[in-house]
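Q: Converting from the sequence shown to my numbering requires adding 1 to each position, the first position being numbered 1.
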Amino acid sequence: MRVLIATDLSHGADIAVREGAALAAAPGDALAIVYALPQPSVLETWARRPQGEAADRVSAAHESVRERTRGIVGDRAEVFVEDDVDYAAIVLRAQTWTADVVVVGSYGGSGLSRGFGSVTERVLRHAPCSVLVARESAARGWVLAASDLSDTSLGTIAAAAVEAKRRRARLEVVHAMGFLEAEARYVLELATPGITSPPGVVEVVAEELGKSVSLLRVEATCKVLDRPAAAAVGAEAEALGAELIVVGAHGKSGLRLRALGRVAERIVRTAACSVLAVRPPVVVSSGIAPTA
């Protein structure tokens with residue numbers, strides 16, 4: 002596992018550092034931290050800078066990152082200081098360092114969440130790998146995986162199972178029906194009075210969800226949520242007391258919607274806990290023991 006943590010030296014970024022360090026705790030895992038230097042204003046760009054100033058800024062920033070993170074990761078993390086626009090620097094470093102996952106905080110140096118930090122949002126949309134959005138939460142003991150029953154959602158469930166095992170938490174896998182499927186079911190029932198109904202939609206979906214879990218041979222409870230997807234997943238996570246939500250970055254069609262599926266993006270925006278947005282291909286860890 003190659004874990005790249007993005008920091009802006011804020012409290013929100015400290016949460017990301019802790020989450021990233023825990024994610025890369027196994028022998029052989031690689032850990033790195035990337036910090037993007039604040040970009041100068043237009044006037045500062047025009048003004049002449051003393052020779053060597055750029056190198057001094059990089060050196061000072063490197064030491065600041067070390068001081069800020071040493072208490073969490075010690076000296077085991079490689080540190081990158083980039084003189085580029087923040088989200089672009091993070092995405093580019095994820096590509097060149099071949100990160101498996103990028104860990105970011107849910108808000109930046111201003112200390113204001115605003116629901117979703119702009120840097121975090123852009124990293125989510127453009128990163129070449131999975132992204133963990135770290136949030137501080139008292140909830141513990143459950144990992145919630147959201148499945149859309151597509152082939153790619155098997156990778157989402159597998160990644161959630163890996164996280165549940167690492168966190169020593171229980172796993173719940175859910176599928177949210179949404180308005181359209183529920184409305185179609187209601188219209189079908191109204192249009193066919195007196196005829197023996199086929200198996201209910203919820204029952205069929207629950208069976209398919211169970212098949213996905215059985216195929217991966219992981220231990221999990223399954224649940225079908227008959228509500229709009231993003232709201233349903235967030236509410237279930239809060240009711241369950243989930244410490245992590247795992248979602249797929251691709252939708253049912255397999256198309257990349259603005260690089261992150263619309264439902265997944267809404268879940269990441271509104272969740273009360275950390276969210277892992279998984280992009281395929283996902284390597285299923287051999288650490289998951291098959292269930293009897």
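All C-beta atoms in this analysis are idealised placements derived from N, C-alpha and C, irrespective of residue type, glycine included.
Note that the coordinates shown come from a computational prediction; the quantities given were computed from them, not determined experimentally.
Tell me, to the nearest whole angstrom, how far the beta carbon of Ala147 is from that of Val175; I am working on the premise that it is less than 8 Å.
A: 6 Å between Cβ atoms; contact.
Q: Closer than 7 Å by C-beta to Gln40: which residues in its own chain qualify, once you throw out the five before and the five after it? Chain order, please.
A: Val86
Q: Round the Cβ separation of Val132 and Ala278 to the nearest angstrom and send it over; I've been treating them as touching at under 8 Å.
A: 5 Å
Q: Taking all protein chains shown into account, decide if Gly156 is buried (16 or more other Cβ within 10 angstroms of its Cβ) or exposed.
A: When all chains shown are included, Gly156 counts as buried.
Q: Rounded to whole angstroms, how far is the Cβ of Val59 from the Cβ of Ala25, which I believe are closer than 8 Å?
A: About 24 Å separates the two Cβ atoms, so there is no contact after all.
Q: Only counting the same chain, and skipping five residues up and downstream in sequence, which positions put a Cβ closer than 6 Å to that of Ala17?
A: Ile6, Val104, Val105, Gly106, Ala135
Q: For Ala27, count neighbouring Cβ atoms within 10 angstroms of its own Cβ and tell me buried if that reaches 16, exposed if not.
A: exposed
Q: So Thr271 and Ala243 are in contact, right, with Cβ under 8 Å, and what is the actual spacing, rounded?
A: Not confirmed; about 14 Å, so no contact.
Q: Evaluate Leu150 with the Cβ neighbour count: other Cβ atoms within 10 Å of its Cβ, from every protein chain shown; 16 or more gives buried, anything less gives exposed.
A: exposed
Q: Is Gly142 near Ala170, with beta carbons less than 8 Å apart?
A: Going by C-beta atoms, Gly142 is nearer than 8 Å to Ala170.
Q: From the DSSP output, in three-state form, read off Thr153 for me.
A: Thr153: coil per DSSP, three-state reduction.
Q: Mind checking who His176 pairs with in its DSSP beta bridge?
A: Val225
Q: Which whole-angstrom value describes the C-beta separation of Gly249 and Ala265, a residue pair presumed to lie in contact below a C-beta threshold of 8 Å?
A: That belief holds up - the Cβ atoms of Gly249 and Ala265 are roughly 6 Å apart, short of 8 Å.
Q: What number of angstroms, rounded off, separates the C-alpha of Gly72 from the C-alpha of Ala22?
A: Looking at the two C-alpha atoms, the distance is approximately 11 Å.
Q: Given Gly1, which residues of its chain have a CB within under 6 Å of its CB, disregarding the five upstream and five downstream residues?
A: Residue 1 lies beyond the residue range present for the chain, which begins at 2 and ends at 293; the question has no answer from this structure.
Q: CA-CA distance, Thr222 and Met2?
A: Cα to Cα, the separation comes out at about 27 Å.
Q: Should Thr97 be labelled buried (16 or more other beta-carbon atoms within 10 Å of its own) or exposed?
A: exposed
Q: Answer with buried or exposed for Arg94, where buried requires no fewer than 16 other C-beta atoms within 10 angstroms of its C-beta.
A: Around the beta carbon of Arg94, 16 or more other beta carbons sit within 10 angstroms, so the residue counts as buried.
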